[in-house]
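Colleague: Residue 1 is where the sequence shown starts when you use the working numbering, and the numbers rise one by one after that.
Ideal Cβ placement from N, Cα and C applies to all residues, glycine included.
Values in this document were obtained by computation on a predicted structure and should not be read as measured data.
Can you keep this structure in mind? I'll have questions shortly.
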Amino acid sequence: MRNCHRAALLLAGALLVLSGTVCTATAANEVYRPEYMICNKILFRGTCNNIICDNNCFSRVRGTGRCNRVGCQCTYMCKPPPGQSPQAGGPIGWVAGGH
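This is the structure in structure tokens:
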């Protein structure tokens, strides 16, 4: 019975260590790209397939595509327009190329 408790404690400790590493890595990636912002663009309107939408978005701008009621929406990292910084006036969710 004691071996079972030790194994459970060891597993819980390993999961705790691994989860902290994953969270830290994600936050670190965002810190090193301050000149970029998140942009959204409708690639095409009308009937949409999530797999095709995602593939098109990735091949065009290395983004993630998802279908919504309008069509295929692509979300990707982009540079802000000239004179607009991501921190001052370029909010997350800025729409590139129209709605």
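To the nearest angstrom, report how far apart residue 54 and residue 39 are at their CA atoms.
Modeller: So the alpha carbons of these two residues sit roughly 15 Å apart.
Colleague: Are the beta-carbon atoms belonging to residue 65 and residue 57 less than 8 Å from one another?
Modeller: In this structure, residue 57 lies closer than 8 Å to residue 65 by Cβ.
Colleague: With distances taken Cα to Cα, identify the nearest neighbour of residue 72 among 63, 79, 78.
Modeller: 63
Colleague: Could you tell me which residues DSSP pairs with residue 69 in its beta bridges?
Modeller: Note: residue 69 sits in no beta bridge, so no partner.
Colleague: Helix, strand or coil for residue 39? Go by DSSP, reduced to three states.
Modeller: strand
Colleague: Within 10 angstroms of its Cβ, does residue 41 collect 16 or more other Cβ (buried), or is it exposed?
Modeller: Residue environment: residue 41 is assigned as buried (16 or more neighbouring CB atoms within 10 Å of its CB, all protein chains considered).
Colleague: Which of the three DSSP states, helix, strand or coil, is assigned to residue 45?
Modeller: Residue 45: strand per DSSP, three-state reduction.
Colleague: Considering residue 60, what are the terminal residues of the alpha helix (DSSP H) in which it resides?
Modeller: 50-61
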